[in-house]
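Remarks on the structure that follows.
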Amino acid sequence: MPPMSELIVTIPPAPGGGYKIHIESGSLSALWLRIEDQFPKHRKFVVTDANLVAAGHLEALIGTIEVPTYIIDPPGEVSKHINTAVSIIEAMESAFFGRDSVIIALGGGTVGDIAGFAAAIFKRGIRVLHIPTTTVAQADSSVGGKTGVDSSVSKNAFGAFWHPSAVFIDPATLTTLDDDQYRSGLAESVKHALIADSEYFDYIEANVAGLLNRDLGVLEKMAYSNCRIKAAVVAEDPTEQNKRRILNYGHTLGHAVESASNYKLLHGEAVAIGIIAAGLIEQDLGLGGPERLDRTKKVLNALSMPLEIPKSIKKKDLLEIIKYDKKAVNQWPRFVLLEGIGSVLCRDGQWAHEVSRDVIEKTIDRLYP
Ligand SMILES: NC(=O)c1ccc[n+]([C@@H]2O[C@H](COP(=O)([O-])OP(=O)(O)OC[C@H]3O[C@@H](n4cnc5c(N)ncnc54)[C@H](O)[C@@H]3O)[C@@H](O)[C@H]2O)c1
Ligand SMILES: [Zn+2]
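Going by our numbering, the sequence shown opens with residue 32, and the numbers climb by one from there.
Here's what the structure looks like:
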């Protein structure tokens, strides 16, 4: 692979739509010139968070240049609410930013979702660039155009589809990420391999040690594969009418476990359990033997992911929570299922399937230690 990889993403699928994803380790400190070069006429406003500043990434990006910046503090999900988006927009207005502006989101999925949402609604929409800095953001949230903030009732209650004008990925930024965040975000990479690319799954299997050591060559290759897979799925179904649901593989029970743990389990950890659940359902429905699930478990285990539902979580709570799943029909979710590694089951044009309550209950039972 050349030192800098570039992917052209053809979403939104409108004339003139599409944007580039640049991937290069160590590129952060040279990015500002590149951004100035590509967007010379736009005023730039950076949104980041306090941890990114402490880790030195904001300084690496802007150096000694004075750039209007909004630093989200406290970092993380607690700040992902409408008031943060309002503060960003009012800070831009006070500094006379107009429609010729571009927001540069430097951070994980939280920064990206908030900054993307602010860009979508500021003066009816301005450009946003993503510089993702977590395993979740480099694999998942920076590509695909979903933006939003939480309400006091639910996650991403306020939101918009708003695609970036470009994405710049520097895998070296991951070296400062906390270990649990780093590992748990890798669940989305395993998910991408499972739903779309068996060779990518082989690659992850063979490179677990490199992944755990944050080997930059491995991380570049992973970023490329993740973005290629996610972009291809999103390009086919940008607003999640049907096929985009395959990106929710492992997420139906995963979300329920995450929520029932009161978010003590990280998203990726809960998704790992959800991926095992999907594998058990597949076996039950005759969609594959135990070898596939064994391989998946081995990879997730090597990444120190939990493979079982903690005993403190009650089965009846999980059964209640899944009724609210976004894929639910008549208060019962549809499940994305594999028929092989890299291949999602599609029947009658549908990518998510009805599974009986019996099978789900049995699956949950088998997931307890
Ligand atoms: N838009 C989408 O398609 C999409 C997809 C997946 C997740 N999400 C959203 O993303 C959010 C989660 O994002 P996340 O998992 O990236 O977590 P995050 O953005 O909250 O980051 C996790 C923690 O790591 C810190 N951090 C980030 N990068 C760092 C770095 N390089 N070095 C040191 N610390 C760093 C952050 O400050 C934060 O404390 C959720 O709100 C979720 O809903 C959105
Ligand atoms: Zn996820």
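Cβ atoms here follow ideal geometry from the backbone N, Cα and C, with glycine treated the same way.
Rounded C-alpha distance that separates residue i from residue j
i, j, result
"Ile352", "Pro99", "42 Å"
"Asn273", "Val264", "10 Å"
"Arg155", "Ser173", "21 Å"
"Val302", "Val239", "18 Å"
"Leu225", "Val288", "20 Å"
"Phe70", "Gly216", "31 Å"
"Ile162", "Gly317", "42 Å"
"Gly281", "Ile307", "7 Å"
"Glu402", "Leu369", "Because the chain spans 32 through 400 in this model, residue 402 falls outside it and cannot be assessed."
"Phe366", "His384", "5 Å"
"Tyr355", "Asn257", "28 Å"
"Trp63", "Arg326", "42 Å"
Closest residue to residue i among the options (Cα-Cα distance)
i, options, result
"Val330", "Ser256, Phe232 and Asp348", "Phe232"
"Pro195", "Ala291, Val159 and Leu208", "Val159"
"Leu398", "Phe192, Lys51, Ala309 and Ile93", "Ala309"
"Gly480", "Gly371, Thr41 and Lys328", "For residue 480 there is no data in the structure shown, the boundaries of the chain being 32 and 400."
"Ser185", "Glu108, Ala116 and Trp382", "Glu108"
Sequence-distant residues of its chain with Cβ nearer than 6 Å to residue i (five each side left out)
i, result
"Ala91", "Leu59 and Ser60"
"Met253", "Ser220"
"Gly285", "Ala301, Val302 and Gly305"
"Asn187", "Gly179"
heavy atom of ligand 1 below 6 Å from residue i C-beta
i, result
"Gly175", "yes"
"Lys295", "no"
"Val77", "no"
"Pro106", "yes"
"Lys261", "no"
"Leu208", "yes"
"Lys358", "no"
"Gln169", "no"
"Ala86", "yes"
"Gly190", "no"
"Lys222", "no"
"Asn257", "no"
"Asn279", "no"
"Gly139", "yes"
Heavy atom of ligand 2 within 6 Å of residue i beta-carbon
i, result
"Val12", "Given a span of 32 to 400 for the chain in the structure shown, any question on residue 12 remains unanswerable."
Nonlocal neighbours in the same chain, by C-beta distance under 8 Å from residue i, ignoring five residues either side
i, result
"Ile113", "Val180, Ser182 and Phe189"
"Met32", "Any reading at Met32 is ruled out, since the residue's pLDDT is 43, under 50, leaving its predicted position unreliable."
"His73", "Asp131, Ser132, Val133 and Arg158"
"Ser110", "Asp80, Ile103, Asp104, Thr141 and Ile145"
Residue i, buried or exposed, once every other Cβ within 10 Å from all chains shown has been counted against 16
i, result
"Asn244", "exposed"
"Arg214", "buried"
"Asn293", "exposed"
"Ala237", "exposed"
"Met336", "buried"
"Lys222", "buried"
"Ser387", "exposed"
"Thr394", "buried"
Ligand 4 heavy atom lying under 6 Å from the CB of residue i
i, result
"Thr204", "Inclusion of ligand 4 in the displayed structure is not the case, the ligand content consisting of ligand 1 and ligand 2 alone."
Sequence-distant residues of its chain with Cβ nearer than 7 Å to residue i (five each side left out)
i, result
"His88", "Leu59, Leu137, Thr164 and Thr204"
"Leu247", "Ser56, Pro202 and Ala203"
"Ala17", "Outside the shown range of the chain, which is 32 to 400, sits residue 17, and nothing can be said about it."
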